[in-house]
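Q: Residue numbers (the numbering used here): -6 to 227. Here it is, the structure, as structure tokens.
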Amino acid sequence: MELTKLPNIINDLNTVLLPRVCFGCNARLYRGEQILCTPCRDQIPLTEFNFTEENSLDRTFYGRITIEKASSFLFFNDLGVVKNLIHYLKYRNQPQIANFIGDWYGSYLKKDKGLPAIDMVLPVPMHPKKLKKRGYNQVEGFGKRLAHHLNAAYCDDILIKTTHTQTQTQKSRIFRWQHQSPSFALLKPHSLAHKKILLVDDVVTTGATLEACVKAINDEINVTIYIATMAMVP
Ligand SMILES: [Zn+2]
């Protein structure tokens, strides 16, 4: 037996003992398959958006914020592979899914002629309390892999999430619920000066979180902002 074949044999043995399964459909994964099985990979709903042409994610931000362009990699449907992937990523302690999506999307983005050279990738931050509970920011791996493919810096210490410190006890629950909006702030705003930044997030629904992030950035400093997300609700 050739010694070079040994790792493959051990891996195969490991697969028999501890079968790895597809995060999209629970089918068994075979050698060479990572995270998703081949059928799930083939049928995953790619948006096929790019940074050159207008798209439906872009349009949701018209008139709300000043950004250069927004794009998303996948369509999030109520049933299906993308929903399962995001569920495992956010609630089942599987942060490696973010790396997988980041590498996949990154391979497209580095060839996207509409996207100029990005200086910094900034993730939408999590509140420290939530971060402590989950143990990781689900966007981190995605942002880091995109930064790697785009030759940009990954910076998670500039845009931060803040807590409302208003006297909330004086307000009714209903009032708080109606007026709850995510709140963000910038540390070291000067470090963004004259930079092209890519703001990244997991799933866009209404776009309220990204809107609040962009406003927090533009309140402090005028920079060129692009947005890329793992998925969007169509
Ligand atoms: Zn599958």
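The beta carbon of each residue, even a glycine, is placed where N, CA and C say it ideally should be.
Skipping 5 residues on each side, what residues in its chain have a beta carbon closer than 8 Å to that of residue 156?
A: 120 and 176
Q: Give me the DSSP bridge partner(s) of residue 45.
A: Paired residues: none, contrary to the question.
Q: Excluding the 5 residues preceding and the 5 following residue 148 in the sequence, name in chain order all residues of the same chain whose CB lies nearer than 8 Å to its CB.
A: So the list reads 113, 114, 115 and 184, once near-sequence residues are dropped.
Q: Mind listing, in chain order, the residues whose beta carbon lies closer than 6 Å to a non-hydrogen atom of ligand 1?
A: 15, 17, 18, 20, 29, 30, 32 and 33
Q: Does the CB of residue 126 have a neighbour CB from chain D at under 8 Å?
A: Annotation note: the requested chain D is absent from the structure, which comprises a single protein chain.
Q: For a test of the three-state rule: what should DSSP assign to residue 21, helix, strand or coil?
A: strand
Q: Let me confirm a value: residue 31 is counted as buried when at least 16 other C-beta atoms fall within 10 Å, else exposed. Which label applies?
A: exposed
Q: Between residue 151 and residue 74, what straight-line distance do the alpha-carbon atoms span, to the nearest angstrom?
A: 33 Å
Q: By alpha-carbon positions, which one of 68, 180, 49 and 54 ends up nearest to residue 36?
A: 68
Q: Measure the alpha-carbon distance for residue 142 versus residue 66 and round it to whole angstroms.
A: Roughly 15 Å between the two C-alpha positions.
Q: Let me confirm a value: residue 202 is counted as buried when at least 16 other C-beta atoms fall within 10 Å, else exposed. Which label applies?
A: Residue 202 is buried by the Cβ-count criterion.
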